[in-house]
Structure formats: structure tokens, C-alpha cells
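Since the structure comes first, as C-alpha cells, the remarks are kept for the end.
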Amino acid sequence: MRRGLLPVLEGARIAKAAVNRPDLRWPFPENMAERLTGATVTALRRRSKYILADLDTGETLLIHLGMSGRMLISGNQVGQFHHAHPAPEKHDHVVIETDEGARIIFNDARRFGAMDLLETATQNAHWLIRDLGPEPLGNAFHETHLIAAFKGKRSPVKSALLDQRIVAGLGNIYVCEALWRAGISPLRHAGRIGAPRVAALVPIIRDVLAEAIEAGGSSLRDHRQANGELGYFQHTFRVYGREGEACQTPECAEKIRRKVQSGRSSFYCPACQR
DNA sequence: ATGGGGGCCTGCCGGC
DNA sequence: TGCCGGCAGGCCCCCA
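Plus 13 on top of the position in the first sequence (first one is 1) and you've got our numbering.
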């Protein structure tokens, strides 16, 4: 999503911001529309699943898509052809227009998403940011870190990898996919996986994410990439959403199972994953 | 202190 | 056709 927004938002001035309801998951900050209007986006960054847009006002706009959030871009796009603005839709909660004629619509049916304005200088102390673990694609996420984080942990490895304090940014799909590639059962307690197998998870997690980003995201159902086109990583899922299908490991005769763990579906091969 | 489950919302799909 | 249950990419909060 950051990559999709980059050409229209970074360096652009927000000419107009329309806020169509008082809240998403939490109330919007006071006077959000006024505080956005006239601001120039100096940098567009990402931390975990949050988009962070630094403004020249000293504030940073934080955006989270939750489960069903989408960003739709229309109008002038730098280096691209012109897209007509779409007709307004139900759940278009925030609409931002730039000086250069681009329109960005935040649409979120379930409203699990979020937006907030942070003081840029102290953004890392924000309650949504401060406890996040290392970025999985960054240098701070390494074998030693994951081994230490798993040590003594009683929770299933599935829950541990979804814990944003251990590693930031993994969701249900990518944890399922990484565990299948690593041959680790989602049910296994994190603290009872041998160090070499934990270490092997690190490059696997990086691979899964890098491939997903390259393919443009997962894009299930109504979730779209920032440019409005469907992503393709969903076609490469090996286990997620494949309950009852044959395991894709060569020679493996098992079928993929689904099991609910702390309220989330885990998909896994009972033969390949131990 | 840690871990599991509930809850927040709406929409869609399949079964009856 | 309509109704109902189940399910969905996340994550805070409460309780044991």
C-alpha cells in the first residue's frame, strides 16, 4: 500500500480532506480534516502494518487498514495515465485530495481500521507504535532475536508469530505460509522448538513477505492494493484457505487441515508440519 | 505475568 | 427468495 500511495502522496500538498464520520475503531483526533488540509506530505513510511505520512506541520498521519480497509486512488498519478474518480461508495470514510488532482479514498466496511495524528518528533512513543517488535525485513530481526523471544514461551508458535511485540507486521496468512515452509506445526509451543528450526524460520519469513510484496499483496475479497488492482500473492498460498486440498509437498499424501487457534484459523499439513 | 477468548463491525456465502 | 450461521486480512481488553 505504501508503494501504491508513494507517487501520489509523497511531496504532495493536501488540498482538501473530508472526514465523513467521527471514528473508525477509535475516534478520529480532534479537527483531523483541518489539521490535514494544507499540509504537505514530506515522507511516506511504514512501520509494521501502519502507514505513516510525515507532514510539514510537525504531525504524522497514521493509517491502519484493519481487516477490510482499502485505499482507492484516482485522478492524476505521477507518471501514469489519468483515472476518473469513482462514484462514492458506502463506507468511504475519509477522502483526501492533493494539489495535483489525485484523490485517495479510505473505505472500510468493518471499521477495524484506524487513523490518528501523532507528533512527528515523539511518534515512537505512541501507544500503537511503542511496543512493536523488529521489522521482519530489517536487520534487527535475526536468528538470535527469535530464539530469545521463543525461549520459555508456552504459547503456540502460531500465536507467538502473530504477537506484534515479537516481530512486527506478520498477519494470519503469512504466519500460516511461513510455518508450512518451515515444517513447523502451528500447534507447537514456541519454547519447545529447537534453536536450528527457529533460526530457519527467519529467512523463510523474509522470503514469504518479500514474495508477497513483490506480487502486490494478498488481496482477498474486497481488499485491494493501493492502486485498486487485485494482488496476486493469493494465488501462491500453499496452505491458507486450502482446507481439504492436497498438501503441496512432493510425495506428501496428506490433506490440509484447518484448526482454530485463539480465534484465528490455522491452515497446516499434519504430516509435514511437526 | 502470560495466554486465551470475547468483542468490535459489516458483508458474503452456503445451506435450508 | 429469505433467513441464519459461519467466516473473514487485526488487535485491544478483560479475565483466569
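Backbone N, C-alpha and C fix where the C-beta goes; we use that ideal spot for every residue, glycine too.
Quick caveat: nothing in here was measured; it's all calculated off a predicted structure.
Original post:
Hey, out of Phe125, Ala259 and Lys166, whose CA is closest to arginine 270's CA?
Top reply: Ala259
Original post:
What did DSSP end up calling isoleucine 269 once you bin it into helix, strand or coil?
Top reply: coil
Original post:
In terms of alpha-carbon separation, which member of Val215, Glu72 and Ile109 lies closest to methionine 84?
Top reply: Ile109
**OP:** Whole angstroms is fine: what's the gap from isoleucine 118's alpha carbon to leucine 145's?
**Re:** 27 angstroms
**OP:** Grab the span of the alpha helix (DSSP H) containing asparagine 185 for me, first residue to last.
**Re:** 185–195
Original post:
Leaving out five residues before and five after glycine 257 in sequence, what residues of the same chain have Cβ atoms less than 6 angstroms from its Cβ?
Top reply: Lys268
Original post:
In whole angstroms, what is the alpha-carbon distance linking threonine 262 and tyrosine 281?
Top reply: 12 angstroms
Subject >> Cβ separation of valine 273 and glutamate 190, assumed to be a contact under 8 angstroms, to the nearest whole Å >> reply: Rounded, the Cβ-Cβ distance is 18 angstroms, inconsistent with contact.
Subject >> tyrosine 253 - partner residues in DSSP beta bridges >> reply: Its beta-bridge partners do not exist; DSSP assigns none.
Original post:
Bridge partners of methionine 80, per DSSP?
Top reply: Bridge partners of methionine 80: none, in fact.
Original post:
Assuming histidine 104 contacts asparagine 89 under a Cβ cut-off of 8 angstroms, what Cβ separation, rounded to an integer in Å, is found between them?
Top reply: With 8 angstroms as the limit, histidine 104 and asparagine 89 do not qualify as a contact, their Cβ atoms being about 25 angstroms apart.
Subject >> Of the residues Leu74, Glu102 and Ser168, the one placed nearest threonine 133, counting alpha carbons only >> reply: Leu74
**OP:** Determine the closest residue to glutamate 185 out of Trp140, Ile218, Asp69 and Gly151, with distance taken between C-alpha atoms.
**Re:** According to the sequence provided, residue 185 is asparagine. The question's glutamate does not apply to it. For asparagine 185, the nearest C-alpha among the options comes from Ile218.
**OP:** List the endpoints of the continuous beta strand (DSSP E) containing histidine 98.
**Re:** Element bounds for histidine 98: n/a, residue is neither H nor E.
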